[in-house]
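With our numbering applied, the sequence shown covers 51 to 286.
No residue lacks a Cβ here, since even glycine has one placed at the ideal position from N, Cα and C.
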Amino acid sequence: MQVRSWRHANDFIVYDETLIASPSPELFDLPWWQARGLTQGSFDGRAKVHVVRHGDARWVLRRYLRGGLIARLSDHTYVWGGLRATRPWREWHLLAALRERGLPVPRPVAAHVRRVGWRYSGHLLSELIPDAVPFAELLQSGALEPADWQAAGRTLRRFHDAAVHHPDLNLRNILRAGDGSIHILDFDKGRLEAPAWQLRGELRRLQRSIGKFAVSDAQREAAATGWQALLLAYGG
């Protein structure tokens, strides 16, 4: 990875020069990709994200959106507190740091911040994980195996041993890739050097999320068994 930054007027971009030779704000504009026939679908998380094609690569384009009541005032702008404090900038650098530690997260491609007065908006580009399916979808389709839960437990232990905090750990952002490996998504507002109590809270949040996706008796029974397998693999 070769980290570079770019600025023009009120547009700021941080990017991996091995993946992008000439950064520009257009790379974060969905209509720009659509006009060139380079979009390949979308999927929902906390916000809708889109898959775009760049040569032989497949990237995920995500716009930062607010949730909750404040979204009624502005769903995509945030208060400016300096570039390094912006959500896209922080998440991109966190993903880069996690990749350096060998942790299974998407490879960050670039992040974009646009400042307008005392507000800003932003986007993130990351590499698409091939043939990845969220645990939530696998659970609901009956395709989650005990080995998947165990692999997830071992993966979460790796993150917690590195004191990595995920602020919204749930079954939607734990993925099983096509090769069976487990990956974690969506580190918006994540951090390194998290205290132990915060990491324990992540597991409780993850367990609560199971109830949102296990909607039938069969799913709830499978999830209960899977959760115990996850905890055993996670360890004490």
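task: Would you identify the three-state DSSP class for Phe93, choosing helix, strand or coil?
output: Strand.
message: Is the beta carbon of Ala186 closer than 9 Å to that of Leu221?
response: The answer is yes: Cβ separation under 9 Å.
query: DSSP three-state call for Ala244: helix, strand or coil?
result: Looking at Ala244 - three-state DSSP - the assignment turns out to be coil, as it is neither helix nor strand.
message: Closest to Leu153 by C-alpha separation, out of Arg258, Gln52, His215, would be which residue?
response: His215
field: Close Cβ partners of Ala279 (< 6 Å) along its chain, the five nearest in sequence each way excluded
entry: Pro196, Trp199, Gln200
query: Where does Arg164 fall in DSSP's three states?
result: Three-state DSSP puts Arg164 in a strand.
query: Does the beta-carbon of Val288 have 16 or more other beta-carbons within 10 angstroms, so that it is buried, or is it exposed?
result: Here the chain has residues from 51 to 286 only, and residue 288 is not among them.
field: Contacts around Leu119, its chain only, beta-carbon distance under 6 Å, and the 5 residues preceding and following it disregarded
entry: Low per-residue confidence applies at Leu119: pLDDT is 45, beneath 50, and the placement is therefore not dependable, though the value from the model is reported in the following sentence. Answer for Leu119: no residue qualifies.
field: Element boundaries [beta strand (DSSP E), containing Trp56]
entry: For Trp56, the enclosing beta strand (DSSP E) covers residues 53-58.
Local Cβ density within 10 Å of Trp168, reported as buried at 16 or more and exposed below that: It counts as exposed.
query: So what does DSSP say about Ala121, is it helix, strand or coil?
result: Bear in mind that a pLDDT of 40 at Ala121, under 50, signals an unreliable position, so the model cannot answer this.
task: Could you name each continuous beta strand (DSSP E) segment of 3 residues or more that falls completely within the segment 172-246, going from the start of the chain to the end?
output: 224-226, 232-234
field: Start and end residues, alpha helix (DSSP H) containing Trp139
entry: 137-150
query: Residue range of the alpha helix (DSSP H) that Tyr284 falls in?
result: 267-284
Ser292 versus Ala273: straight-line alpha-carbon distance, rounded: This structure cannot speak to residue 292, because the chain is shown only from 51 to 286.
- request: Measure the alpha-carbon distance for Trp109 versus Glu177 and round it to whole angstroms.
  value: Answer to the nearest angstrom: the Cα atoms are 4 Å apart.
- prompt: Hey, Glu32 and Met51: beta-carbon distance below 9 Å or not?
  reply: Outside the displayed span of the chain (51 to 286) sits residue 32, for which this structure offers no information.
task: Check the C-beta distance from Val129 over to Asn60 and give it rounded, since I have them as a contact under 8 Å.
output: In fact, because the Cβ distance is near 15 Å, the residues do not count as touching under 8 Å.
Backbone secondary structure at Leu88 - three-state DSSP: coil
- request: Using the Cα positions of Glu76 and Gly87, report the straight-line distance between them to the nearest angstrom.
  value: Cα to Cα, Glu76 sits roughly 14 Å from Gly87.
- prompt: From Arg122 to Ala160, what distance separates their C-alpha atoms?
  reply: Caution applies to Arg122, whose pLDDT of 45 falls short of 50 and renders its modelled position unreliable; the model cannot decide the point.
- request: Take His173 as the anchor and find which of Leu115, Gly132, Ala202 has the nearest alpha-carbon.
  value: The option with the nearest alpha carbon to His173 is Leu115.
query: Quick one: Cα of Phe62 to Cα of Val102, how far?
result: 21 Å
- request: Assuming Ala202 and Ile179 form a contact by the criterion Cβ under 8 Å, report the distance between their Cβ atoms to the nearest whole angstrom.
  value: Contact between Ala202 and Ile179 is ruled out by a C-beta separation of about 15 Å, above the 8 Å threshold.
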